[in-house]
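Trainee:
Residue numbers (this note's numbering): 1471 to 1655.
This is the structure:
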């Protein structure tokens, strides 16, 4: 995100990588589930254990250590384990820095987190709009109680972000309406 300003932070970026082993697991579950029904139809395995066994089957090179299949399966059910994420902020002459605890002021940390949350919520809204074919009530107001800890300039930046995303969504909807695509409001 360019032109985002919280304290000395003037840009925020989120670097996301999907772990290849986990992406493979998702692909197999969605496209080749028939080949692995022996695990999921077993009365001896819980769903978590079956998931762990499938993961081991797909990734025999990975050492599971002393962890039980149940523990591994529970880890595989946690979406946070599928992504490697890194938040970076730009402070002008300092360039891009990793946004770590202690590296940012409280306001910068809250503002950085909120700007990422705005992007995430916007993507949820876009996906819901795509799947349902209509606008939904904006969910981004959920995070505004955090804004109480920001200064007036930072709060204004948050509202500007919301307005930018709302305008972009409105233009996408208007384009669909003009092109003849159905769109409920």
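Backbone N, C-alpha and C fix where the C-beta goes; we use that ideal spot for every residue, glycine too.
Remember, predicted model here, so these are calculated numbers, not experimental data.
Is residue 1552 closer than 7 angstroms to residue 1492 when the C-beta atoms are compared?
Mentor: yes
Trainee: Taking the C-alpha atoms as reference points, what is the distance between residue 1580 and residue 1599?
Mentor: 28 angstroms
Trainee: To the nearest angstrom, how far is it from the Cα of residue 1510 to the Cα of residue 1526?
Mentor: 14 angstroms
Trainee: Give the straight-line distance between the Cα atoms of residue 1585 and residue 1621, rounded to the nearest whole angstrom.
Mentor: Going by the C-alpha atoms only, they are around 15 angstroms apart.
Trainee: Just the C-alpha distance for residue 1574 and residue 1496, rounded to the nearest angstrom, thanks.
Mentor: 36 angstroms
Trainee: Taking residue 1477 as the reference, which of 1559, 1633, 1518, 1634 has the closest Cα?
Mentor: 1559
Trainee: Out of 1588, 1529, 1494, point me to the one whose CA is closest to residue 1627's CA.
Mentor: The shortest CA-to-CA distance from residue 1627 to any of 1588, 1529, 1494 is the one to 1588.
Trainee: Could you tell me which residues DSSP pairs with residue 1476 in its beta bridges?
Mentor: 1479
Trainee: Do you know how far the Cα of residue 1479 is from the Cα of residue 1537?
Mentor: 41 angstroms
Trainee: Going straight from the alpha carbon of residue 1557 to that of residue 1566, what length do you get?
Mentor: 10 angstroms
Trainee: Look up residue 1509 in the DSSP assignment and say whether it is helix, strand or coil.
Mentor: helix
Trainee: Can you tell me which of the three DSSP states residue 1537 falls into?
Mentor: coil
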